[in-house]
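Working notes, structure below.
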Amino acid sequence: MKDHGLTMDEWDEVNSPRPDISDFDLVVEEAISRRGFLGGVLAFGSGAAVMGTGALFSSTSARAQAASRFAFKPIPIATDSTVHVPEGYSWSVVTRWGDPLHSGAAAFDPANGHDAATAEHVFGENTDGMWLYSIDGREVIAVNSEYANLKTNLPNSDGVPQSADDVLMLQRIQGVTIMEVAPKDGGGYEVVVDSPFNRRIDHNTPMKFSGPAAGSDLLKTEADPEGMNPLGTMNNCGSGPTPWGTYLTCEENFNGYFGSTDADFELPEDYSRYGIGHDGWGYDYHKFDPRFDVSKNPAEPRRQGWVTEIDPSDPTSTPIKRTALGRIKHENAACTLAPDGRVVVYMGDDERGEYLYKFVSNGVYAPGTDGGALLDDGALFVAKFNWDGTGEWLPLTPETTGMDAVEILVYTRMAASAAGGTTMDRPEWVQVNPVAAEGYASLTNNKNRGVKPNAGGDDTSVNGPNPREVNNYGQIVRWYPANDDHGTSSFRWDLFVMAGNPVVGDGAYKGSSNVNEGNMFNSPDGMMFDSTGIVWIQTDGDDSNEGEFEGQGNNQMLAGDPATGEIHRFLTGPNGCEVTGLCWSTDRKTMFVGIQHPGGSFPDGEGLPRSSIVAVWRDDGALVG
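For the sequence shown, the working numbering begins at 14 and goes up steadily by one.
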């Protein structure tokens, strides 16, 4: 997410500066030694000897002899302003920011931007997490619109809101889009304009709270004295489907929308940990909409930062914020079932030095039923990774945190710190392998690892799954729950891949042994498994193609084989973009990929760049991948 010269995480650091570490004495070399890395480079499955997986990950040569599962030839890097896919594949645009969902919507006007009336009837900006649902034989995509680029939405005021209508337009162009799509002749898909499923869910949509924190004093405002009826979902980043067919959208950098018209207003103590300040990030909502003025509504920021459940099959349904899943800067939510039927949701908190979480329901899901209420009653845990390749999920309870049950859910970051979780290198997407008992989390990067603590003052010295000081490349950690049960509290772990640059990097910064000159990348972010167990990795990193990132090109999407460690580059995006969000058509013959904040003039070849969803398919009509 980029605007006004600062990314959101850079703005967070300005707003909530961390104290420096003065006596850093646990360097990368020691981390490598303790994890048994050889020659300064992480061996794939490096914890095999400790964790008993040596038979599967015994050697690079053994992996090389295994037959590749990929039905495509890997592609080279790109530095231009378009999308590239392998030979034998094609792609086309499904929809772009500003394209109509309803026939009455005004045409996109790059010179003047949208007005508020138009914004609620068009596809939102800066697409992110998504999922496709088959509903009565029709295909419906739910997709997030993470944030608004101020200068392109407000071209006549250099990106500075001038009125309440400007703010209302920005509020409506973000959030979630539900839209029906259908195949086109010759390949690809298009939006079914005026479908009854089409709707926008934005920063002002009426919602409900559910779960233990619903109705608490911490969530009550003058406009909602019961603390039960919040408005809007915002900064919707990743997402996840549930077994019962709903969509979990995740509220990430909500703090940037709030500010104060009173410069002397004393900010509540909890604001600092969540990066909430007087000025906001540039949206200036607080200057025109009192709901976002913390000096007038100090509880309002606590009504954001949740996982919100949406039913894409019912356009009249009210979204529900599930408070039992905790309040953090949610990246995505990976929902799976334990062997006994309990619902398990894995979640990451996307900020430097924050934590990885798990929710386990008390109740059991009955297939074919609505399981939403199961997300209101359960236990919340934070991950602790040990150096020896073991780990445990620490319960967040009054006994382990010194906080009451509601405080744990509203101030989840503080609870995780108190419980003693492991600080991570910006947990992004978390996923579960559908054909093996494994969980994965992309840890995108962390320039502060070993340099300064997190926003809560927690130590960020290098640790097991975060073994590099000043980590500009990122890695993907993998864990194996005890007894193949995601509901258990113990696990073993290793690193699936450690991104790096084997051409210009030194030691561990070359990356793991399954990274080479032909597939290297930085900053893994989006991640999704297909039904066969292939993991698809999307990046949101430095695309300068210079210095330590030389030879890595634009952001991209790669396919990885968990069984062998093989990684192939499948797609490259236009320069300036993040590749994010992924789902498949019902027949799995078309893949939908999100292109966020592209550069150049993508996808039209002229005019403003517009975030888009593209469809990718095999020319021979076979399954993608």
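Glycine residues also receive a C-beta, built at the ideal position from the N, C-alpha and C atoms.
- The three-state secondary structure of His343, taken from DSSP, is strand.
- Comparing alpha carbon positions, the residue from Glu412, Met247, Thr410, Cys348 closest to Gly385 is Cys348.
- Collapsing the DSSP output to three states places His97 in a strand.
- With fewer than three CB-CB distances shorter than 8 Å, the segment 372 to 384 does not count as touching the segment 458 to 477.
- In the three-state DSSP reduction, Glu152 falls in the strand class (E or B).
- Secondary structure note for Ser430: its alpha helix (DSSP H) is the uninterrupted segment 425 to 432.
- For Val443, there is no enclosing alpha helix (DSSP H); the enclosing beta strand (DSSP E) covers residues 440 to 445.
- Taking the CA atoms as reference points, Tyr453 sits about 32 Å from Ser330.
- Contact between the segment 419 to 430 and the segment 220 to 233 is established, with three or more Cβ pairs separated by less than 8 Å.
- For Asp128 against Asn588, the beta-carbon gap comes to about 30 Å, at or over 8 Å, which does not count as contact.
- When secondary structure is reduced to three states using DSSP, Asp507 falls in the strand class.
- Counting only runs of at least 3 residues, the segment 522 to 575 fully encloses the following beta strand (DSSP E) elements, listed from N- to C-terminal order: 537 to 542, 548 to 552, 569 to 573.
- Looking only at Leu621, Ala161, Trp110, the smallest Cα-Cα distance to Asp297 is reached by Ala161.
- Bounds of any beta strand (DSSP E) do not take in Leu181; it lies within the alpha helix (DSSP H) bounded by 177 to 186.
- Listed in chain order, the beta strand (DSSP E) runs fully inside the segment 259 to 330 are 260 to 264, 320 to 323, counting runs of at least 3 residues.
- Secondary structure at Ser170: helix, using DSSP grouped into helix, strand and coil.
- Under the three-state reduction of DSSP, Leu636 is assigned to coil, being neither helix nor strand.
- CA-to-CA, the gap between Thr593 and Gln184 works out to about 21 Å.
- Under the three-state reduction of DSSP, Thr410 is assigned to coil, being neither helix nor strand.
- Bounds of the alpha helix (DSSP H) holding Thr131 are 129 to 132.
- Contact check for Pro537 and Ile489: beta-carbon distance about 6 Å, within the 8 Å limit, so the pair qualifies.
- Inclusion of Tyr202 and Val107 in the CB contact set at 8 Å is warranted, their separation being smaller than that value.
- Residues Leu231, Leu232, Lys233, Thr234 of the same chain have their beta carbon placed closer than 7 Å to that of Ala312, with the five preceding and five following residues left out of the count.
- In this structure, DSSP gives Gly253 an extended state, which the three-state scheme calls strand.
- Of the residues assessed, Asn484 falls on the buried side of the cut-off, its CB having 16 or more other CB atoms within 10 angstroms.
- Less than 8 Å divides the Cβ of Thr403 from the Cβ of Arg505.
- Ile88 carries a coil assignment under DSSP once its states are collapsed to helix, strand and coil.
- For Gly470, the three-state secondary structure derived from DSSP is coil.
- Inclusion of Pro328 and Thr246 in the CB contact set at 8 Å is not warranted, their separation being larger than that value.
- If you look at Arg582, you'll find it in the beta strand (DSSP E) that goes 580 to 585.
- Just so you know, the alpha carbons of Asn567 and Asn166 end up roughly 25 Å apart.
- Excluding five sequence positions before and after Tyr486, the CB atoms of its chain that fall closer than 6 Å to its own CB belong to Ala512, Gly513, Asn535, given in chain order.
- Note that the C-beta distance between Asn461 and Gly366 is below 8 Å.
- The alpha-carbon separation between Asn217 and Val189 amounts to approximately 12 Å.
- The three-state reading of DSSP puts Lys164 in helix, counting H, G and I together.
- Taking C-beta separations shorter than 7 Å and ignoring five residues to either side along the sequence, the partners of Gly546 in its chain run Asn446, Pro447, Val448, Ala449, Pro575, following chain order.
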